[in-house]
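Q:
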Amino acid sequence: MEASFLLAKLITLVLSLVVAYLAYHGYRRSGQTPMLYVSGGFVFIGAGAICEGLIYHVFGTTIASAALVQAAIVSSGLVLVLISLTK
3 MEASFLLAKL ITLVLSLVVA YLAYHGYRRS GQTPMLYVSG GFVFIGAGAI
53 CEGLIYHVFG TTIASAALVQ AAIVSSGLVL VLISLTK
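Numbering (our numbering), first residue to last: 3 to 89.
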């Protein structure tokens, strides 16, 4: 795997986990449930950022099926963020 590609994925993962942590901290401080949804959403988004390459290399699937799994995970995270914005 190319080093720049791996670095970009790791930066995305770290940033999304930092946002998730801050949102969770905001939930703990204020008790507002939407912040918990934001936190969970960014965990899913971060996991989706790295899962495509892992699924492709570890399980030997096609890149299309790995991308489909990644899209489902990231979409789930975005749905959680959307729910938080509507509450």
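Cβ atoms here follow ideal geometry from the backbone N, Cα and C, with glycine treated the same way.
(1) Starting from the C-beta of Ala49, find all residues in its chain whose C-beta is less than 7 Å away, skip the five residues before and the five after it, and write them out in chain order.
(2) Going by beta-carbon coordinates alone, are Ser67 and Phe46 separated by less than 8 Å?
(3) In three-state terms, what does DSSP make of Ala11?
(4) Identify whether Thr63 lies in helix, strand or coil by the three-state DSSP scheme.
(5) Is the CB-CB distance between Val71 and Ile57 below 8 Å?
A: To lay it out plainly:
(1) Position 47 of the sequence shown, counted from the first residue, corresponds to residue 49. Once the five neighbours on either side are set aside, the close Cβ partners of Ala49 are Ile75.
(2) Position 65 of the sequence shown, counting from 1, holds the residue named residue 67. Position 44 of the sequence shown, counting from 1, holds the residue named residue 46. No, Cβ-Cβ distance for Ser67 and Phe46 is not below 8 Å.
(3) Your numbering for residue 11 matches position 9 in the sequence shown. With the sequence shown as reference, residue 11 is identified as Lys, and Ala is not the correct amino acid for it. Looking at Lys11 - three-state DSSP - the assignment turns out to be helix.
(4) Here residue 63 refers to the residue found at position 61 when the sequence shown is read from its first residue. In the structure shown, Thr63 sits in coil (DSSP, three-state: anything other than H, G, I, E or B).
(5) If you number the sequence shown from 1, residue 71 lands on position 69. If you number the sequence shown from 1, residue 57 lands on position 55. Contact: yes.
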